[in-house]
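Below is one structure; the comments refer to it alone.
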Amino acid sequence: MSDKELYEKLTIKSEPVYKIVDSDEMTAVSDFSQGYKAFLNNAKTEREATSLSEKLAIEAGFSKLDSFDTLKPGDKVYVINRNKNILLAVIGTEDIENGLNLVGAHIDAPRLDLKQNPLYEKNSMAFLKTHYYGGIKKYQWTAIPLSLHGVVHKTDGEMINIVIGEDENDPVFTITDLLPHLADDQMKKPMYQAVEGEALRILFGGYGIGDDEVSENVKFNILKLLNDKYGIDENSFFTAEIEIVPAFKASDVGLDRAFIGSYAQDDRVCAYTALQAVLEVENPYKTAVCLLIDKEEIGSMGNTGMKSAFFRYTVAEIAQKCGGCDLIKLNRILTNTQCLSADVGAAVDPTYDSVTEPGNSAYAGKGLLITKYTGARGKSGSSDANAEFVGKVVKLFNDSKVVWQTGELGKVDGGGGGTIAQYVANLNIDVIDCGVPILSMHSPFEISAKTDVYMAYKGYKAFYLSK
Ligand code: MN
Ligand code: MN
Numbered sequence: 010m011s012d013k014e015l016y017e018k019l020t021i022k023s024e025p026v027y028k029i030v031d032s033d034e035m036t037a038v039s040d041f042s043q044g045y046k047a048f049l050n051n052a053k054t055e056r057e058a059t060s061l062s063e064k065l066a067i068e069a070g071f072s073k074l075d076s077f078d079t080l081k082p083g084d085k086v087y088v089i090n091r092n093k094n095i096l097l098a099v100i101g102t103e104d105i106e107n108g109l110n111l112v113g114a115h116i117d118a119p120r121l122d123l124k125q126n127p128l129y130e131k132n133s134m135a136f137l138k139t140h141y142y143g144g145i146k147k148y149q150w151t152a153i154p155l156s157l158h159g160v161v162h163k164t165d166g167e168m169i170n171i172v173i174g175e176d177e178n179d180p181v182f183t184i185t186d187l188l189p190h191l192a193d194d195q196m197k198k199p200m201y202q203a204v205e206g207e208a209l210r211i212l213f214g215g216y217g218i219g220d221d222e223v224s225e226n227v228k229f230n231i232l233k234l235l236n237d238k239y240g241i242d243e244n245s246f247f248t249a250e251i252e253i254v255p256a257f258k259a260s261d262v263g264l265d266r267a268f269i270g271s272y273a274q275d276d277r278v279c280a281y282t283a284l285q286a287v288l289e290v291e292n293p294y295k296t297a298v299c300l301l302i303d304k305e306e307i308g309s310m311g312n313t314g315m316k317s318a319f320f321r322y323t324v325a326e327i328a329q330k331c332g333g334c335d336l337i338k339l340n341r342i343l344t345n346t347q348c349l350s351a352d353v354g355a356a357v358d359p360t361y362d363s364v365t366e367p368g369n370s371a372y373a374g375k376g377l378l379i380t381k382y383t384g385a386r387g388k389s390g391s392s393d394a395n396a397e398f399v400g401k402v403v404k405l406f407n408d409s410k411v412v413w414q415t416g417e418l419g420k421v422d423g424g425g426g427g428t429i430a431q432y433v434a435n436l437n438i439d440v441i442d443c444g445v446p447i448l449s450m451h452s453p454f455e456i457s458a459k460t461d462v463y464m465a466y467k468g469y470k471a472f473y474l475s476k
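Encoded structure:
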């Protein structure tokens, strides 16, 4: 072996996927992105992602767990929790006590939620007040078309779904921003103060009705329009969950279409790939579980988030139908479970590469990103995967020809972030973060590389099927 060959053998390769895979696989990369874009366009909220996942699962032969008295290897089941998160499982041939192969992704995304009493009128214009959800750069949400998605739970018990701004005949909404001519003071402020939280107000109407005895004619008209169409009134905003999201669709980005641009790829890119992979799993060795969870962006809180007992309870229900379950057995199942925490990471942005460390960062187009630890300020808030498990995952991906890379979220002390991994790890499960690197993360138009999206799907599928 020449020195050059030995050098090649001993060092880490860092090459884009397109240089590594053949043209057939590049065709598969392109084909896969079509289904992904459709998912993004039809699942802009956690509720929509849940119901679309259910629809795709039913088409793939999955049934509600409730419909089974007992489960046998090969059975495909799903459970929905409060219309906001879903767990899908394909029962394995191995005793469930020996653990699950779990891939967990989140289906909530940064957005603007309406306040509980949002509607007001000023200067003959109607607006909706919002409270943002998750970490956003607020200035990015002004002066773009926005759509409204959500549910209203009427006091008579009826649930109404509302989507406005997605159909090409629909109106859209927007948050106005100050013209540069008058923005001298605004432009001198630090970026995080230039657009304040209370300034994120949705332009919602401008025509009034009624005579002078009605003090707020435009607001009155808006309420009348809502009442005529949905039978709701101003109190209904309180018994509702309405989210404001970008109105534009997912697009190919770049003349060569190498990238996808869309709202909410964090983390629907991992949700879709994890889902698509589990839908194709037949007769796995271990029980394969795909968990699409809510509330990651605000700390995994609440009964639809990863800190909820939903996952544990549902595993117990499945085990009960696989031959019985008690606390000891549930503990053994969890202890023997291995998990990919499927969440996005930061891709190096060549325009802002000073925040990342070149040897330990992910690059768009270089494959599935494995992150051993996340966290901030000395790995705080990280689960830090065990070397034994990292080794197992790396071997699996190498054997399965999954192109992968590793990276941290930025330089040491440069910032940081967490995922659901730490809460999965609290259940005594082996877990590692493994997802798609993203540019413009948490912006209204996030960017992924199609090759990375495909490698995520390929990696998750190999993992579900592994021993
Ligand atoms: Mn995420
Ligand atoms: Mn996020």
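In our numbering, the protein residues as written are 10 to 476.
Virtual Cβ for every residue (Gly too), placed ideally from N, Cα, C.
Burial is judged here by how many other beta carbons sit within 10 angstroms of a residue's own beta carbon; R210 has at least 16 and is buried.
DSSP places A430 within a helical segment (H, G or I) once states are collapsed to three. In this structure, A458 is the residue among A458, V440, N107, G219 with its C-alpha nearest to the C-alpha of S39. Cβ-Cβ distances below 6 Å link I241 to V161, L235 in the same chain, with the five nearest sequence neighbours on each side left out; the list follows chain order. Fewer than three pairs of CB atoms, one per stretch, sit closer than 8 Å, so the region 30-50 makes no contact with the region 81-91.
DSSP places F48 in no beta strand (DSSP E) but in the uninterrupted alpha helix (DSSP H) bounded by 32-51.
Comparing C-alpha distances from E397 to each of R386, G426, D439, D362 shows the shortest one belongs to D439. In this structure, I116 keeps its C-beta atom at 8 Å or more from the C-beta atom of Q274.
Linking L436 to L343 through their CA atoms gives a straight-line distance of about 7 Å. In this structure, ligand 2 has no non-hydrogen atom nearer than 7 Å to the beta-carbon of D242.
By the criterion of a C-beta distance shorter than 6 Å, T415 is surrounded in its chain by I379, once the five residues flanking it on both sides are discounted. Contact between G425 and A465 is absent: CB atoms are separated by about 22 Å, not below the 8 Å threshold. I105 places its beta carbon 8 Å or farther from that of T59.
Judged by beta-carbon spacing, S260 lies beyond the 8 Å limit of K163, meaning their Cβ atoms are not closer than that value. For ligand 2, residues qualifying as neighbours are D275, E306, H451, where qualification means a beta carbon closer than 6 Å to at least one of its heavy atoms (chain order). Looking from the CA of E167, the closest CA among T248, T54, P199 belongs to T248.
Within the region 400-468, the complete beta strand (DSSP E) runs of at least 3 residues fall at 413-415, 439-444, 455-458. Here P453 is buried. Its C-beta has 16 or more other C-beta atoms within 10 Å.
The shortest CA-to-CA distance from I231 to any of A297, S363, E130 is the one to E130. Spanning the alpha carbons of A256 and Y469 requires a straight line of approximately 30 Å. Here P367 is exposed. Its C-beta has fewer than 16 other C-beta atoms within 10 Å. Taking non-hydrogen atoms of ligand 1 into account, the C-beta of T428 is found less than 7 Å away from one of them.
DSSP places F319 in the uninterrupted alpha helix (DSSP H) bounded by 319-330. According to the DSSP secondary-structure assignment, R120 is paired through a beta bridge with Y142. For D442, the CB stays at least 7 Å from every heavy atom of ligand 1.
For V353, the CB falls within less than 7 Å of some heavy atom of ligand 1. Taking the C-beta atoms as reference points, C331 is found no nearer than 8 Å to V112.
The DSSP-derived three-state label of G240 is coil. Distance between D303 and L339, taken at the CA atoms: about 23 Å.
Residues of the same chain with a CB within less than 7 Å of the CB of P119, apart from the 5 flanking positions on each side, are Y142, G143, G144, I145, E306, H451 in chain order. Comparing alpha carbon positions, the residue from A286, E17, I100, Q329 closest to D84 is I100.
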